[in-house]
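Listed below in structure tokens is the structure:
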């Protein structure tokens, strides 16, 4: 079951987020309506790379039982692969990289985020999935890499030196 209570808020704010996700799978895990959702995310700054992100979506019965109506767990898994010819546009090259996707996993404060970091030394794109909160940040994270070495990669503004 999708985020019924948050669907409207997520839909209204979707235009402000860096990339949109397309749901490609939904696996029920118990009779309480809890599901694992799998979404495909295209990197808005890199053509030819798709990340698949999975996360836990709590059902209404589970929310009633646990009394926490407005929040999903911070657990996220990610896998990114080359899915076409790679063209890299104007991306952040610093150590913090840049946020390429985010969505709310609580009513207000908690976000599921994917950051892209370029590892220049190893010519690799790193995708880090994590949750961001105002306080009590979670140490739960998942990472995937897309090696560029030996690939025919087009850098729109020239490869960084």
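Numbering (the working numbering), first residue to last: 1441 to 1601. C-beta: ideal position from N, C-alpha, C; glycine also. On a predicted model such as this, the values are computed, not experimentally measured, just so you know.
- Nearest to residue 1469 by alpha-carbon distance, out of 1479, 1495, 1488, is 1495.
- By the Cβ-count criterion, residue 1594 is exposed, with fewer than 16 other Cβ atoms from all chains shown falling within 10 Å of its own Cβ.
- Scanning its chain for C-beta atoms nearer than 6 Å, with the 5 sequence neighbours on each side dropped, one finds around residue 1465 the residues 1478, in chain order.
- In this structure, residue 1567 keeps its C-beta atom at 7 Å or more from the C-beta atom of residue 1528.
- Going by beta carbons, residue 1475 and residue 1580 fall outside the 7 Å limit.
- Of 1526, 1525, 1554, the smallest CA-CA separation from residue 1538 is found for 1554.
- In the DSSP assignment, residue 1517 is bridged to 1494.
- Looking at 1600, 1560, 1571, the one whose alpha-carbon comes closest to that of residue 1587 is 1560.
- Residue 1484 sits away from residue 1461, with the two beta carbons spaced by 7 Å or more.
- DSSP, read as helix, strand or coil, puts residue 1506 in helix.
- Going by C-alpha positions, residue 1522 is about 22 Å away from residue 1552.
- Look at residue 1475 here: in three-state DSSP terms it is strand.
- Between the alpha carbons of residue 1542 and residue 1590 lies a distance of about 31 Å.
- In the three-state reduction of the DSSP assignment, residue 1562 falls in the coil class, being assigned neither a helical nor a strand state.
- In this chain, the beta strand (DSSP E) harbouring residue 1464 covers 1461-1468.
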